[in-house]
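In the working numbering, the protein residues as written are 100 to 318. The structure appears right after this line, and notes come after that.
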């Protein structure tokens with residue numbers, strides 16, 4: 100498979116598909132848990148504000164200060180109190196910001212009841228080392244996490260060079276990085292999701308390091 104070659108479910112090897120699906124399933128669980136945490140925090144603050152305001156003033160305060168419907172605020176507060184909120188009205192009840200997801204079950208965090216069954220990766224980084232390499236004009240960085248043995252930060256740096264009329268060249272950079280640390284056995288799938296088709300075929304520059312606390316591009 101050549102760098103940059105378009106891949107589909109029909110042409111991608113089954114092992115890679117399994118790895119990518121498992122990776123995205125894992126990330127979905129993380130993001131859902133983060134969303135629920137923020138919803139509960141919003142509810143906790145709303146409960147405190149409502150208690151501090153005179154009776155009957157909370158609705159007006161909401162209209163004057165927040166871009167959130169009263170129904171959505173009620174769901175947040177119910178989540179903060181540990182109650183299961185009512186399902187949203189099927190006819191609408193959109194947030195004023197037109198956010199489609201209304202989190203109808205804020206207290207139910209999707210659970211990964213079974214360990215991820217990833218196939219053995221073709222390429223896997225070693226703990227205590229950092230890696231860098233170029234694939235299809237993008238630079239990739241895999242850095243060990245100093246306080247999480249066996250976990251890594253992953254970053255991708257893409258540069259776009261534009262020739263200007265005066266003969267100069269303008270270089271713009273775009274950085275993409277994993278928001279959460281990635282276990283060593285999932286690094287290959289993460290790199291593939293970022294666009295590196297075959298990490299095992301890349302010539303990596305390797306150096307021993309004490310590790311980093313943030314991914315490249317988030318400094």
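Yeah, the Cβ is synthetic: ideal placement off N, Cα and C, and Gly gets one too.
CB contact flag (residue i, residue j, <8 Å)
i           : j           : result
residue 227 : residue 301 : no
residue 244 : residue 299 : no
residue 172 : residue 152 : no
residue 288 : residue 122 : yes
residue 282 : residue 249 : yes
residue 179 : residue 149 : no
residue 169 : residue 230 : no
Assigned secondary structure, residue i (DSSP; H/G/I helix, E/B strand, else coil)
i           : result
residue 255 : strand
residue 279 : coil
residue 221 : coil
residue 158 : helix
residue 244 : strand
residue 289 : helix
residue 176 : helix
residue 299 : helix
residue 145 : helix
residue 206 : Residue confidence is low: residue 206 scores 44 on pLDDT, short of 50, so the model does not pin down where it sits. No coordinate-derived value is stated.
According to DSSP, residues forming a beta bridge with residue i
i           : result
residue 237 : 234 and 257
residue 228 : 307
residue 250 : 282
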